[in-house]
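As structure tokens, the structure follows; a few thoughts come after it.
Okay, here's the thing in structure tokens:
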């Protein structure tokens, strides 16, 4: 079992719809959680970080965290074709909140159709 | 310059040759990370530095790989006796301890071993 699991997709949604991306993790003591967007051939770009249970909103993006269920999600409202990319979930190393290392999932590929 | 930079952006080499990559982090960031990414996979942790100290190295990392950060600023990653399996995107990221280690990635160096 991988430490960070994501559905590989592809996930396809029509323009204007809500895209829902999910991630589960295995290390119960993880404290920090991140969503990155990666366009083909480019490096990951940070979208959201979340540290506490509940929701965190930033523009069209909402991150949701449930530590009891070891689950983190990303919602993209009013999806645009420019949102088409691979979305990577990253989780900190957990055993020490200052340890720095992040473990990444393999990403979910999102396609937003005009 | 407000971002992480990496040099070169692309490197083609023959099997058995040595290669060296450079990463310049965001200036106020004290942590620096190296990751490797292959197609369809998330970034895989290689090693990280806090200032000039190398604090962790992946157990999966061959002895052919070595990294340095001599003055706590830029870092180099060297691969000796390259193999075709080393072909990947090598990503550098930096963070500031105290910012929940939010990592910002450079553009990456794409290595092709013939």
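Chains as they are written, first to last, in my numbering: chain A, 231 to 344; chain B, 12 to 125.
A virtual CB, placed ideally from N, CA and C, is assigned to each residue, including glycine.
Just so it is clear, the structure is predicted and the values come from calculations on it, not from any experiment.
Close-in-space but distant-in-sequence residues of the same chain around residue i (CB under 6 Å, 5 per side omitted)
i: residue 121 of chain B; result: 21 and 100
i: residue 255 of chain A; result: 234, 300 and 321
i: residue 40 of chain B; result: 105, 106 and 107
i: residue 79 of chain B; result: 87
i: residue 269 of chain A; result: 315
i: residue 294 of chain A; result: 285 and 303
i: residue 327 of chain A; result: Note that residue 327 of chain A scores a pLDDT of 47, beneath 50, so its modelled location is shaky; the value from the coordinates is reported in the next line. Here the set comprises 261.
i: residue 297 of chain A; result: 283
i: residue 249 of chain A; result: 243, 306, 309 and 340
Proximity of residue i and residue j at Cβ, strictly below 7 Å
i: residue 341 of chain A; j: residue 316 of chain A; result: no
i: residue 57 of chain B; j: residue 43 of chain B; result: no
i: residue 118 of chain B; j: residue 52 of chain B; result: no
i: residue 7 of chain B; j: residue 93 of chain B; result: Within the shown structure, residues of chain B are numbered from 12 to 125, placing residue 7 of chain B beyond reach of any answer.
i: residue 124 of chain B; j: residue 26 of chain B; result: yes
For residue i, the nearest candidate out of the options (CA to CA)
i: residue 265 of chain A; options: A/245, A/286 and A/256; result: A/286
i: residue 81 of chain B; options: B/24, B/61, B/117 and B/14; result: B/61
i: residue 267 of chain A; options: A/331, A/312 and A/297; result: A/312
i: residue 90 of chain B; options: B/84, B/102, B/14 and B/77; result: B/77
i: residue 36 of chain B; options: B/63, B/70 and B/97; result: B/63
i: residue 74 of chain B; options: B/97, B/54, B/84 and B/15; result: B/97
i: residue 251 of chain A; options: A/236, A/262, A/257 and A/261; result: A/236
i: residue 102 of chain B; options: A/323, A/258, A/271 and A/263; result: A/271
i: residue 83 of chain B; options: B/68, B/46, B/59 and B/70; result: B/59
i: residue 38 of chain B; options: B/69, B/70 and B/85; result: B/85
i: residue 45 of chain B; options: B/67, B/13 and B/24; result: B/67
i: residue 24 of chain B; options: B/116, B/109 and B/95; result: B/95
Start and end residues, beta strand (DSSP E) containing residue i
i: residue 316 of chain A; result: 315-322
i: residue 22 of chain B; result: 21-24
i: residue 237 of chain A; result: Looking at the DSSP string, residue 237 of chain A is not in any beta strand (DSSP E), and its letter there is neither H nor E.
i: residue 297 of chain A; result: That residue, residue 297 of chain A, is in no beta strand (DSSP E); it is neither H nor E in DSSP.
i: residue 123 of chain B; result: 120-124
i: residue 277 of chain A; result: 275-280
i: residue 56 of chain B; result: 55-61
i: residue 65 of chain B; result: 64-68
i: residue 288 of chain A; result: 284-288
i: residue 86 of chain B; result: 86-90
i: residue 312 of chain A; result: Taken as a continuous stretch (DSSP letters only), residue 312 of chain A belongs to no beta strand (DSSP E), as it is neither H nor E.
Cβ shell of residue i (< 7 Å), same chain only, five flanking positions each side left out
i: residue 246 of chain A; result: 308 and 309
i: residue 289 of chain A; result: none
i: residue 19 of chain B; result: 120
i: residue 335 of chain A; result: 234, 235, 236, 253, 318 and 319
Within chain E, partners of residue i - CB distance below 7 Å
i: residue 53 of chain B; result: Included in the structure are the protein chains A and B, with no chain E among them.
Chain-order list of residues whose beta-carbon lies under 8 Å from that of residue i (same chain, five-residue window excluded)
i: residue 343 of chain A; result: 242, 243, 244, 245 and 311
i: residue 50 of chain B; result: none
i: residue 14 of chain B; result: 37, 115 and 117
Supposed contact pair residue j and residue i - C-beta distance, whole angstroms, cut 8 Å
i: residue 280 of chain A; j: residue 291 of chain A; result: Actually they are not in contact, since the Cβ atoms of residue 280 of chain A and residue 291 of chain A sit about 11 Å apart, beyond 8 Å.
i: residue 332 of chain A; j: residue 114 of chain B; result: 6 Å
i: residue 54 of chain B; j: residue 240 of chain A; result: 20 Å between Cβ atoms; not a contact.
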